[in-house]
Amino acid sequence: MGRIRVLPDAVANQIAAGEVVERPAAVVKELLENSLDAGATSIRVEAESGGRRLLRITDDGCGMLNDDAMLAFERHATSKLSNVKDLFAIATLGFRGEALPSIASVSRLTLETHAQEETAGAVVEIHGGKMIRNEPAALANGTIITVRDLFYNVPARKKFLRSDQTELAHIASLVTHYSLAHPDKSFELRHDGRELLNVTPVETLRERVFQVFGNQTLEDLIDLGAHEKEMLVPDAAEEDRTRVFLLRGFVSRPQVQKYNRNSIYLFVNGRLIRDKLLLHALTSAYHNLMPAGA
Ligand code: ADP
Ligand code: MG
Numbered sequence: 000m001g002r003i004r005v006l007p008d009a010v011a012n013q014i015a016a017g018e019v020v021e022r023p024a025a026v027v028k029e030l031l032e033n034s035l036d037a038g039a040t041s042i043r044v045e046a047e048s049g050g051r052r053l054l055r056i057t058d059d060g061c062g063m064l065n066d067d068a069m070l071a072f073e074r075h076a077t078s079k080l081s082n083v084k085d086l087f088a089i090a091t092l093g094f095r096g097e098a099l100p101s102i103a104s105v106s107r108l109t110l111e112t113h114a115q116e117e118t119a120g121a122v123v124e125i126h127g128g129k130m131i132r133n134e135p136a137a138l139a140n141g142t143i144i145t146v147r148d149l150f151y152n153v154p155a156r157k158k159f160l161r162s163d164q165t166e167l168a169h170i171a172s173l174v175t176h177y178s179l180a181h182p183d184k185s186f187e188l189r190h191d192g193r194e195l196l197n198v199t200p201v202e203t204l205r206e207r208v209f210q211v212f213g214n215q216t217l218e219d220l221i222d223l224g225a226h227e228k229e230m231l232v233p234d235a236a237e238e239d240r241t242r243v244f245l246l247r248g249f250v251s252r253p254q255v256q257k258y259n260r261n262s263i264y265l266f267v268n269g270r271l272i273r274d275k276l277l278l279h280a281l282t283s284a285y286h287n288l289m290p291a292g293a
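Sequential numbering of the sequence shown, starting at 0, is according to numbering that gives the first Met the number 0.
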């Protein structure tokens, strides 16, 4: 017998989990993006003990069909992509089909989901990658995913989690980011029963900035308006070569000074990004206005 073996799915999922979910905020990111991809207009995030004891994301999106509720936990199972060509026209935040099986392999996960096309919804429960429940249930349209005891079966990873306060700060920053990217949706964040964020749909980014940061911050910001620029993409197909880029947002007045880059929020097509080049462009624009070391 040779020395090479194909890893069982359970092992492969746990390895993938190491990359996809390094901390509770990463779980929230994946689940939140799934909710947005499902067309949700209202998303609630609940956490307990910095997310290590419990994370629950409730949405009013399209829900999953009964047959899909189980399938969603298979590796590389996705409804967002069916061939390589689709990769070049991705309109969703996710497409790799790895998040749910990964998260379910390192936690006790419960999925409750109901698509309006079907009369009943489904409850699926998976502990450490093992399916322990799958049955029909009367549920409202949408999806609730509850993740308990993250890393309970991977003590080595659990050890790397920081204090509840730190883990919560990451979660809060993430939910804040997404609420800014989607002013037309409502977002709620609760930790240990306490409400930390609760914003209802508004028409403009300006109103959302006010909801999230308050009036003082809004007064300290300059609205960039909307800038359009046509650009040539040489590598693109002939009919797709000219693209219109639209830039909009807010920048702070010079007297507002933050000493780190965590207060910079950048999005490309609704996707949260951390890009060195863009961060650098932004900070160098302020270079002469900031004290050294900022
Ligand atoms: P991906 O997002 O890359 O497709 P995931 O593992 O995150 O992979 O999710 C697998 C599939 O489960 C998705 O493609 C989608 O069909 C379904 N799904 C996940 N979360 C939700 C949700 N909140 N509402 C509706 N469908 C969902
Ligand atoms: Mg996903």
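Even glycine gets a Cβ: it sits at the ideal position worked out from N, Cα and C.
Among the options, the one whose alpha carbon lies nearest that of residue i
i: D58; options: E111, F150, K228 and D234; result: E111
i: Q115; options: V83, V122, G62 and L80; result: G62
i: L278; options: S178, V27 and N261; result: N261
i: R43; options: V19, P233, L196 and L231; result: L196
i: L70; options: V123, A119 and S41; result: V123
i: P253; options: S48, D234, D219 and F244; result: D219
i: Q256; options: V201, T282, A136 and F159; result: T282
i: I89; options: L99, D66, R4 and D36; result: D36
i: A171; options: L99, K28 and E18; result: K28
i: M230; options: D222, L246, Q215 and L223; result: L246
i: A68; options: G141, V19, S81 and D239; result: G141
i: H190; options: H176, T203, R52 and G38; result: R52
i: G38; options: G60, P135, S48 and E47; result: G60
i: A235; options: H226, S41 and F87; result: F87
i: T40; options: Y177, V26 and A136; result: Y177
i: A98; options: V198, E206 and L30; result: L30
i: E134; options: T199, A121 and P154; result: A121
i: E21; options: D239, V201, V153 and R240; result: V153
Cβ-based burial, residue i [other Cβ within 10 Å; buried from 16]
i: A293; result: With a pLDDT of 48 at A293, under the threshold of 50, the predicted position of this residue should be treated as unreliable, and no value is reported.
i: R2; result: exposed
i: R309; result: Residue 309 falls outside the range modelled here, since the chain spans only 0 to 293, and no answer is possible.
i: L6; result: exposed
i: N33; result: buried
i: L108; result: buried
i: I56; result: buried
i: K84; result: exposed
i: F72; result: buried
i: G17; result: exposed
i: V146; result: buried
i: V174; result: buried
i: G192; result: exposed
i: L167; result: buried
i: A119; result: exposed
Cα-Cα separation, residue i to residue j
i: G93; j: A284; result: 33 Å
i: L217; j: K275; result: 26 Å
i: S78; j: F159; result: 33 Å
i: V243; j: E237; result: 15 Å
i: E376; j: E187; result: The chain is shown only over 0 to 293; residue 376 falls outside these bounds and no answer can be derived.
i: L288; j: F249; result: 17 Å
i: R273; j: V267; result: 10 Å
i: L265; j: R4; result: 43 Å
i: T165; j: S48; result: 11 Å
i: D222; j: R270; result: 20 Å
i: A15; j: N214; result: 43 Å
i: M130; j: T203; result: 43 Å
i: A137; j: D148; result: 26 Å
i: L64; j: E227; result: 40 Å
i: A25; j: I263; result: 19 Å
i: R156; j: P23; result: 11 Å
i: S251; j: V232; result: 31 Å
i: G128; j: H169; result: 26 Å
i: T91; j: S81; result: 13 Å
i: T199; j: V19; result: 30 Å
i: H75; j: H286; result: 45 Å
i: P100; j: E206; result: 37 Å
i: M0; j: G96; result: 33 Å
i: E117; j: E45; result: 27 Å
i: G50; j: A225; result: 38 Å
i: T241; j: H113; result: 41 Å
i: I144; j: D163; result: 21 Å
i: D239; j: I125; result: 44 Å
i: L54; j: Y151; result: 14 Å
i: R132; j: V201; result: 39 Å
i: A280; j: D66; result: 48 Å
Quick test of the definition: if touching needs 3 or more C-beta pairs under 8 Å, does the stretch 208-216 touch the stretch 169-184? yes
Counting Cβ pairs, one atom from each stretch, are 3 or more of them under 8 Å apart for the stretch 99-113 and the stretch 2-12? With a cut-off of 8 Å, the stretch 2-12 and the stretch 99-113 count as touching, because enough Cβ pairs lie within range.
Neighbourhood of ligand 2 [Cβ distance below 5 Å to any heavy atom], ordered by chain position: Per the Cβ criterion, the list is N33, G93 and A98.
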